[in-house]
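Just remember that the numbering used here sits 294 ahead of the position in the sequence shown, which is counted from 1. For every residue, glycine included, the Cβ atom is placed at its ideal position computed from N, Cα and C. Every value quoted in this text rests on a predicted model; they were computed, and no experiment measured them. What follows is a set of notes on a single structure, which appears directly below.
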Amino acid sequence: MAAFPTMCPISLSLRQPDFLLQGASQSKPWLADLVESNEGAWNVLPVQCLCEFLLHEACDDLPVNDLMNDSKQQLGKRKERRHKHQQLVQHLRLLLTDPNQLPEACREVLDYLMRRLSAQKALARHQALTALSVVLAVKDDDITMSDVTYHPTFRCRTPAVIAALRAAFLIETQPLAVAAYLRFLSTCALGEPIQEQADLSLDLAQVIVERSSFIAALLPSPSNKTLQAAKTLECLLQLFWHYLLKAREPNKGSYTWSENQDQIPEA
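In structure tokens:
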């Protein structure tokens, strides 16, 4: 392990080291320690490292009682860490919103955080939602996935966001988040190629069959007559209906039977 710190500056100087690309939906808390030791030179670190530090900070808040029991030295370190956290947030916001920044940097930040939305552990998914709300400057205290998905930055990365939300939809257990995924998909996925819409419809059908009780709780019923339930059903039907319409459209590149019956080889 003694050689590890010496190796880190070299490996982290790469834009996308292999160990950052493997298991993007899995937590890598050790990356947070590496970023914490950095002196604010954010541009020399891969954005994946910066995002991991932000994700780690999302669950690092201590209760007030614990903070009161900290020594002055510990409080000083915590204050320094918070200052670094604020600097990092500003840097990531710049990558996402500044038109002068490289588009690749915006893609890497958003993709890394979005992939964590399909993590196996609920805590990891909550961290991703919190981190997204921070870098996108969503100020609602009771942040929901709906607030995040309606942010303009998401609209700029529609194909990647659709892919990430499809993966998250299959595993998420929070009704509000799933309803927000459906709203986003019903708005932005209708223009996708027919094969992409077919895959999405298959995902939806899989969730309806395998998680029927959960989906039923999202839809209108005698005990659930809310506007949100009605909107969720509308979005679900819209996705299926639009795919069926596209699937029934004639293939302009194919031949009709009358045009090709003379080309069918004889037995």
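Counting only the same chain and skipping the five closest in sequence on each side, list residues whose C-beta sits under 6 Å from that of residue i.
i	result
ARG419	LEU411, ALA413
LEU601	The structure shown does not extend to residue 601, since the chain is modelled only from 295 to 561, so the question has no answer here.
PRO544	none
TYR537	GLN491, SER495
PRO357	The pLDDT assigned to PRO357 is 46, lower than 50, so where the model puts this residue is not dependable, and the model offers no usable value.
Go to residue i, then tell me how far its alpha helix (DSSP H) extends in each direction, as first and last residue.
i	result
VAL472	469-482
SER507	506-512
SER427	416-429
GLN395	Premise fails: GLN395 is in no alpha helix (DSSP H) and is neither H nor E.
LYS540	521-542
VAL338	No alpha helix (DSSP H) holds VAL338; DSSP gives it neither H nor E.
ARG410	First-last for ARG410: undefined, no H or E at that position.
PRO453	452-463
So, for residue i: in the same chain, excluding its five sequence neighbours on each side, which residues have a beta-carbon less than 7 Å away from its beta-carbon?
i	result
ALA523	LEU512, LEU513, PRO514
ILE509	VAL501, ILE502
CYS529	LEU476, ARG477, SER480
ALA473	LEU512, GLN522, THR526
GLN395	LEU388, LEU389
LEU382	TRP336, LEU344, PHE347, LEU348
HIS379	GLU351
SER517	none
ASP469	Looking at the sequence itself, residue 469 is Pro, so the reference to Asp does not match. For PRO469, where only same-chain residues beyond five positions count, the Cβ hits under 7 Å are ALA511, LEU512.
Can you check whether the CB of residue j is closer than 9 Å to the CB of residue i?
i	j	result
ILE456	LEU430	no
ALA458	ALA471	no
LEU527	LEU498	no
GLU466	TYR475	yes
LEU494	ARG460	yes
ILE488	LYS415	no
VAL428	LEU339	no
THR452	CYS482	yes
Grab me the residues of residue i's own chain with a C-beta within less than 8 Å of its C-beta, minus the 5 sequence neighbours each way, in chain order.
i	result
VAL341	LEU386, LEU389, ALA399, GLU402, VAL403, TYR406
HIS377	none
LEU464	SER412, ASP497, GLN500, VAL501
ALA454	ARG401, LEU404, ASP405, MET408
GLU374	none
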